[in-house]
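Protein sequence lines, in the order shown, are assigned to chains A and B.
Each residue of the first sequence is one higher than the one before, starting from 409 at the first, in my numbering.
Each residue of the second sequence is one higher than the one before, starting from 17 at the first, in my numbering.
Beta carbons: idealized from backbone N, C-alpha and C, even for Gly.
Presented below is the structure to which this report refers.
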Amino acid sequence: MSGDYILEMNHITKEYGSVAVLKDVTLRIRPGEIHALLGENGAGKSTLMNVLFGMPVIHSTGGYRGEVIVDGEKTNILSPMDAMDKGIGMVHQEFMLIPGFSITDNIKLNREITRPWAVSRVLGSDLEFLNRGRMAEDARAALDSVGMGIDELALVSGLPVGHMQFIEIAREIDKRGIKVLVFDEPTAVLTESEAQQLLGVMKDIASRGIAIIFITHRLDEVMDAADTITILRDGTLVQTLDKKKTSQEQLAALMIGRGDESVISVSRREKEISGKVAMEIRDLWVNMPGEVTRGVDLDVMEGEILGIGGLAGQGKIGIPNGIMGLYEAAGKVKLFGKDLPLNNAAGALKCGLAMVSEDRRGVGLLLDQSIEDNIVFSAMQVNGRFLKKWLGQKDAAAIRAHADKMVADLDIRCTSAQQPVGTLSGGNQQKVCVARALTLEPKFLFVAEPTRGIDIGAKQLVLDTLVRLNRETGMTIVMVSSELQELRSVCDRIAIIAEGRVEAVLRPGDSDVEFGLAMSGASRKGGKRK
Amino acid sequence: MNKKSFTEHIKKYAVTYLFIMLSVFFIIVSGMDIHYVASQLLLRLNRNAFIVLALIIPIIAGMGINFAITIGAMAAQIGLLLTISWGVSGIVGILLAGSITLVLGSLFGFLIGKLLNKMKGQETIGSMILGYFANGAYQLLFLFIFGSLIPLSDKVTIVGATGVQNTLNLTGSVGLYKAVDGIFQVPFLTGLYVLCACAAAFAVFQYTRKKTSLRRMAVTVGVVVFLAALTMVPAIGDIFRKTARHNAITVPVITWLLIGVLCLFNSTVMSTRLGQKFRAVGQSQTVANAAGIDVDRTRVIAIMISTVLAGWGQIVFMQSDGIGTFQTYAAHEQVGLYAGAAILVGGASIDRATNTQALIGTFLFHSLFITAQSAASNLFGDSAVGEYFRAFLSYGVIALALVIYAWRASKKKKEGSLDLSAMAKN
Ligand SMILES: Nc1ncnc2c1ncn2[C@@H]1O[C@H](COP(=O)(O)OP(=O)(O)OP(=O)(O)O)[C@@H](O)[C@H]1O
Ligand SMILES: [Mg+2]
Chain A
409 MSGDYILEMN HITKEYGSVA VLKDVTLRIR PGEIHALLGE NGAGKSTLMN
459 VLFGMPVIHS TGGYRGEVIV DGEKTNILSP MDAMDKGIGM VHQEFMLIPG
509 FSITDNIKLN REITRPWAVS RVLGSDLEFL NRGRMAEDAR AALDSVGMGI
559 DELALVSGLP VGHMQFIEIA REIDKRGIKV LVFDEPTAVL TESEAQQLLG
609 VMKDIASRGI AIIFITHRLD EVMDAADTIT ILRDGTLVQT LDKKKTSQEQ
659 LAALMIGRGD ESVISVSRRE KEISGKVAME IRDLWVNMPG EVTRGVDLDV
709 MEGEILGIGG LAGQGKIGIP NGIMGLYEAA GKVKLFGKDL PLNNAAGALK
759 CGLAMVSEDR RGVGLLLDQS IEDNIVFSAM QVNGRFLKKW LGQKDAAAIR
809 AHADKMVADL DIRCTSAQQP VGTLSGGNQQ KVCVARALTL EPKFLFVAEP
859 TRGIDIGAKQ LVLDTLVRLN RETGMTIVMV SSELQELRSV CDRIAIIAEG
909 RVEAVLRPGD SDVEFGLAMS GASRKGGKRK
Chain B
17 MNKKSFTEHI KKYAVTYLFI MLSVFFIIVS GMDIHYVASQ LLLRLNRNAF
67 IVLALIIPII AGMGINFAIT IGAMAAQIGL LLTISWGVSG IVGILLAGSI
117 TLVLGSLFGF LIGKLLNKMK GQETIGSMIL GYFANGAYQL LFLFIFGSLI
167 PLSDKVTIVG ATGVQNTLNL TGSVGLYKAV DGIFQVPFLT GLYVLCACAA
217 AFAVFQYTRK KTSLRRMAVT VGVVVFLAAL TMVPAIGDIF RKTARHNAIT
267 VPVITWLLIG VLCLFNSTVM STRLGQKFRA VGQSQTVANA AGIDVDRTRV
317 IAIMISTVLA GWGQIVFMQS DGIGTFQTYA AHEQVGLYAG AAILVGGASI
367 DRATNTQALI GTFLFHSLFI TAQSAASNLF GDSAVGEYFR AFLSYGVIAL
417 ALVIYAWRAS KKKKEGSLDL SAMAKN
């Protein structure tokens, strides 16, 4: 019975130019259910949601075919505003927040609470005064309902990425009359505990009768939170399943169209790493909001892959950000025996450091430029590679060869390496970032959450590439990740950060109990351990 | 930390500090009488502030410096032309010209806004080019259409030919000269004392209502007392007072009130829903659009407001003390340039501007303007250099501001992507 559904998207087909990215996809959602939408990078998940939300990219590229039925009524959603009026809200994969605005102003953007006065009565409601007091109250309530204690008047710029996600959600919750709420990879930028908090919030929202469409790459989350699951592959509908009648393995197989690849495995290192210290960190303090590092002492050995793990907000993300000069830092850091200037981003770069940031939005891709140009951009700027000897022209052939190799290595899903980065799916953009950092061939690489928002198959490729570079070129890698499993599969040693300090340095083979204790800050060993 | 915020401050207002030093230097080098400089400055401030203030809203809405305010000035000149032709004089005439400006300015602003929406990201240059283009249309209108298709009285047309006279006169029987300025004039010092008293009273009042901190109240009162005390120093007070050598400097109260009202308007608009839209659109069109704000419409409104305000500013300018006549075919030409340069000198950038910046900028820019000629001829022994210097100054300021902006933006971008664009092997 179609009356059961709050939202139906029937036989949706969308083409970008001659490429069909959605082929006859049907999605039906009941009120109060959490409906997971699964698929590899580039499967068309975001595009389907863009159709639902009436995003300009859809209409400016020829629209779509098929019908959208909201609450039993056939509609054609023309703009995001239109979608909102019809009760569809979206938490975007790319944050839709204004950095220079306070949290309150963002939550209430274009839905401000106002006070009429003489002039506005004559000239229209646009001239009503903002009632900042009541706006702040509403924002406070919305923030509380997603479990965020932060000051509602703080500016958004400078907040940690995880917080922004919750602000987006708070904004959607604050909207009245919302029927369907779309979460496009909300947990991709969250740490595990934040993700748990988010799933709780989602269940809470669903229990109020609001339908949720949940896009994610984490199958455990799907099994935890979703009621129904729809899987897309290459723009086609594979299947819609009931959560109770399926398993992670089945989902993985359906998504990728191959066997189970959810377990990441990496060949172990053959020869021992040298005893030389690559980076010596002493009493490092980093003032990164939400991820404050408080006096970290750590030695990174030359040629190793060192993992940095720990719970959200404990300060593990602060370490690379502080050393790279992106946030205010104090302490002493030596790189290959030489002092590294702190609070000096340019200085850090000059010393041969590179970093893949956890902040997807700050990755600074040139969206209009092609994949190949983005991949070689930094290497060209910084060490003058990919330039011809004479007159320094771009060496197109070398660039193409290199880019094609990266595209193949990391499985960047694209029509060709000349495709503009802006038209790639979110996960594939992330892969371009990784490719760009690797192209620099740094001696020392920080990677923070390198596999966020990347599907299982691609995750394996990214990790494999890191390991291969480490083995072949001896590149020292420090990998910060909230996924312990990932750390344990590729790292030689893993430092666990709790309360801003190194709680323990463990071996991947150490027991779960030891990891658990260290993460909770109750490790017997305490302090440093070589 | 403190030292850091100090250098930040200097960096942010580098242009302003540069110009403060430059204008002090110029005033000294020009060897001009300080009384003359002060009276000219006040005169020019009250003439030009209105137009400069008209630039603020488009800047906040992310459209850069609206050089198309030139077109607002054209609307005002059409309004003045018709008013003169119809023989309406005095304050009624000004109100009539103002109404015509309101209608024409809104219409022109609407069209400019629509056009600028087609060249997003290039608004500053776009509006400049639009100004030049409109100038052509204006010439055509005044040369061939007025007087033939649109009948005008022979007070403003060239007898025996088509077209409008080369210069239009507001003085004498036309009765528009000083129609606002002349309503109520007080000596500068009296005005200053009244203003000081009001400011102090307001600060105390706000404090008793617990709307401001003790410290802020004390600072306000302190500044006010200091200013008043300063004028008690004979050497300073005598600049403004009547002495054997010169008359007292007077200020037109109504014009200043109008400027005050415009400042209030700017800040009031910014605390309304519309103001929030301007800000949001200025900071991120993508986010504003996703929040359901009609970005294009908001931008058009910003330009319409700016165009009308600039038109009114042009009327304020034309009627003001010491003008009296204007070049029909050229009076609007430099309006955008000078106003844009002034606001930039005041420390505004193409994405940030406040009332204070507009006022300070007008003050500094015109202090250079007044002294440039003498200073240049004293320095280079050639008075012709001074003329060029003015144009050099205005264009120089604008170019400098654009360069600084582009530089800052690229620095910001770099900081954003630092994490990746790393230096490899050294
Ligand atoms: N504006 C555009 N122009 C051309 N092609 C586009 C555009 N936007 C997306 N595509 C293509 O559409 C396909 C689907 O992209 P989409 O963003 O929907 O993927 P996704 O399922 O959300 O992936 P991810 O998990 O990586 O976010 C991709 O191949 C992408 O390159
Ligand atoms: Mg996506």
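- One alpha carbon belongs to residue 359/B, the other to residue 376/B, and they sit about 8 Å apart.
- According to the DSSP assignment, residue 139/B belongs to no beta strand (DSSP E) but to the alpha helix (DSSP H) extending over 139-156.
- Closest in C-alpha terms to residue 463/A, from the list 540/A, 643/A, 758/A and 497/A, comes 497/A.
- The contact set of residue 305/B on chain A, defined by CB atoms closer than 8 Å, consists of 464 and 488 in chain order.
- Its Cα nearest to that of residue 328/B, the residue 89/B stands out among 42/B, 83/B and 89/B.
- At a cut-off of 7 Å, the C-beta of residue 506/A has a neighbouring C-beta in chain B.
- Here DSSP, grouped into helix, strand and coil, assigns residue 85/B to helix.
- Cα atoms of residue 859/A and residue 835/A: separation of roughly 9 Å, rounded to the nearest angstrom.
- A straight line joining the alpha-carbon of residue 146/B with that of residue 74/B spans about 15 Å.
- Close to chain B, meaning a Cβ-Cβ distance shorter than 9 Å, is no residue of the stretch 876-893 of chain A at all.
- Contact between residue 380/B and residue 35/B holds, with the beta-carbon distance rounding to 5 Å and staying under 8 Å.
- Contact annotation: in the stretch 514-530 of chain A, residues whose CB is within less than 7 Å of a CB in chain B are 517, 518, 520 and 522.
- Taking a 10 Å sphere around the C-beta of residue 272/B, we find 16 or more other C-beta atoms and assign the residue as buried.
- Chain-ordered listing is empty here: chain A has no CB closer than 7 Å to the CB of residue 63/B, the nearest sitting near 28 Å.
- Residue pairing by DSSP places residue 185/B opposite 341/B in a beta bridge.
- Put simply, the stretch 315-330 of chain B touches the stretch 124-142 of chain B. At least three CB pairs are less than 8 Å apart.
- Runs of the beta strand (DSSP E) spanning 3 or more residues and lying entirely within the stretch 248-323 of chain B occur at 266-268, in chain order.
- The Cβ of residue 290/B sits closer than 7 Å to at least one Cβ of chain A.
- Straight-line spacing of the CA atoms in residue 765/A and residue 238/B works out to 50 Å.
- Taking 9 Å as the upper bound on Cβ-Cβ separation, chain B lies near residues 533, 534, 535, 536, 537, 538 and 540 of the stretch 533-563 of chain A.
- In terms of side-chain proximity, the C-beta atom of residue 454/A is found nearer than 6 Å to a non-hydrogen atom of ligand 1.
- Beta-bridge partners of residue 417/A (DSSP): 435/A and 476/A.
- Assigned with DSSP and collapsed to three states, residue 722/A falls in coil, not helix or strand.
- The CB of residue 308/B comes closer than 7 Å to the CB of 488, 489, 492 and 518 in chain A, given here in chain order.
- Per the C-alpha coordinates, the member of 489/A, 439/A and 850/A positioned closest to residue 458/A is 489/A.
- For residue 837/A, the enclosing alpha helix (DSSP H) covers residues 834-847.
- Its chain contains 538, 539, 542, 543 and 546 as the residues whose beta carbon lies nearer than 8 Å to that of residue 521/A, once the 5 sequence neighbours on both sides are disregarded; these appear in chain order.
- Not one heavy atom of ligand 1 lies closer than 6 Å to the C-beta of residue 472/A.
- In this structure, 314/B is the residue among 80/B, 314/B and 159/B with its C-alpha nearest to the C-alpha of residue 130/B.
- Contact of residue 373/B with chain A is not assigned, every C-beta pair being separated by 7 Å or more.
- Residue 115/B has a beta carbon lying at 7 Å or more from every beta carbon in chain A.
- Contact between residue 631/A and residue 656/A holds: CB atoms are separated by about 6 Å, below the 8 Å threshold.
- With contacts defined by Cβ atoms closer than 7 Å, residue 743/A and residue 709/A do not form a contacting pair.
- Taking a beta-carbon distance threshold of 7 Å, residue 300/B counts as an interface residue toward chain A.
- Within the same chain, Cβ atoms closer than 6 Å to the Cβ of residue 623/A are found at 445, 453, 592 and 593, the five residues on either side in sequence being excluded.
- Put simply, of 495/A, 550/A and 794/A the residue whose alpha carbon is nearest the alpha carbon of residue 620/A is 495/A.
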